[in-house]
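Each remark here refers to the structure printed beneath this line.
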């Protein structure tokens with residue numbers, strides 16, 4: 122009997138929060154083999170979703186480093202890398218007026234949400250895999266997880282995150298939840314904090 126196929130969906134922004142909690146990054150060279158072995162499956166595809174900063178908002182070498190990493194994932198490891206530029210959102214008060222900091226600059230935050238892209242890919246390719254693995258803790262994915270589990274050709278759905286980054290709904294809505302703290306086989310280097318890391 123042929124092995125079941127697995128699709129892996131990695132939300133890099135959410136995973137970054139887990140890195141901070143763990144103090145470690147993942148070793149992506151080991152990830153696919155680890156998943157194949159753990160669930161006795163073979164690879165369909167691994168998708169990596171990452172937002173990158175606008176030119177001029179970070180040091181050039183930091184932006185170049187991110188693009189090189191994405192090229193390594195794509196060309197070196199065969200991942201499907203989905204990138205888009207971070208959006209700057211200006212903060213407003215209850216009356217809709219811009220909020221300013223002490224120096225008179227409008228307050229803002231960056232956002233790089235991939236909920237729609239991840240959902241579309243998980244649905245678009247759902248006939249090509251039997252097992253879905255999500256590296257995220259975002260509760261927005263609960264409807265997707267429930268849908269995949271309730272298809273006529275239902276999927277097994279596993280979620281990897283950390284305790285402080287996973288929603289209760291997603292943790293209990295999947296077939297199983299795995300805390301990345303307990304996945305030492307795929308731990309990489311210690312996290313090196315840089316200002317404004319992605």
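Residue numbers (our numbering): 122 to 319.
Beta carbons: idealized from backbone N, C-alpha and C, even for Gly.
Q.
Under 8 Å: do the stretch 217-225 and the stretch 238-252 share three or more Cβ pairs, one atom per stretch?
A. Counting Cβ pairs under 8 Å, fewer than three are found: no touch.
Q. Measuring CB to CB, does residue 286 end up less than 8 Å from residue 142?
A. Translated into positions along the chain shown, residue 286 becomes position 165. Translated into positions along the chain shown, residue 142 becomes position 21. Against a cut-off of 8 Å, the Cβ pair of residue 142 and residue 286 comes out as a contact.
Q.
I'd like to know whether the C-beta atoms of residue 265 and residue 240 end up nearer to each other than 8 Å.
A. Position 144 of the chain shown, counting from 1, holds the residue named residue 265. Position 119 of the chain shown, counting from 1, holds the residue named residue 240. Contact: yes.
Q) Applying the criterion that 16 or more other CB atoms from any shown protein chain within 10 Å of the CB defines a buried residue, is residue 282 buried or exposed? A) Reading the chain shown from its first residue, position 161 is the one you call residue 282. The residue is buried, with at least 16 neighbouring Cβ atoms inside 10 Å.
(Q) Can you tell me where the beta strand (DSSP E) holding residue 158 begins and where it ends? (A) Indexing the chain shown from 1 puts residue 158 at position 37. Where residue 158 is concerned, there is no enclosing beta strand (DSSP E), although the alpha helix (DSSP H) around it starts and stops at 149-160.
Q. Smallest Cα separation from residue 151: which of 295, 199 and 134?
A. Locating residue 151 in the chain shown gives position 30, counting from the first residue. For the residues 295, 199 and 134, the minimum Cα distance to residue 151 belongs to 199.
Q. From residue 270 to residue 126, what does the alpha carbon distance come to, in whole angstroms?
A. As a position in the chain shown, residue 270 is number 149, starting the count at 1. As a position in the chain shown, residue 126 is number 5, starting the count at 1. Distance between the alpha carbons of residue 270 and residue 126: 15 Å.
**Q.** CA-to-CA distance, residue 186 to residue 163, given in whole angstroms
**A.** For this step, residue 163 is matched to residue 42 along the chain shown. For this step, residue 186 is matched to residue 65 along the chain shown. Here the alpha carbon of residue 163 sits roughly 30 Å from the alpha carbon of residue 186.
Q.
Comparing C-alpha positions only, which one of 255, 192, 216 and 244 sits nearest to residue 153?
A. Stepping through the chain shown from its first residue, residue 153 is reached at position 32. Ranked by Cα distance from residue 153, the first of 255, 192, 216 and 244 is 255.
**Q.** residue 281 - containing beta strand (DSSP E), residue span
**A.** By 1-based counting over the chain shown, the position of residue 281 is 160. Counting along the chain, the beta strand (DSSP E) containing residue 281 begins and ends at 277-282.
Q) If you run the structure through DSSP and keep just helix, strand and coil, what is residue 179? A) The residue labelled residue 179 in the question sits at position 58 within the chain shown. In this structure, residue 179 counts as coil in the three-state DSSP scheme.
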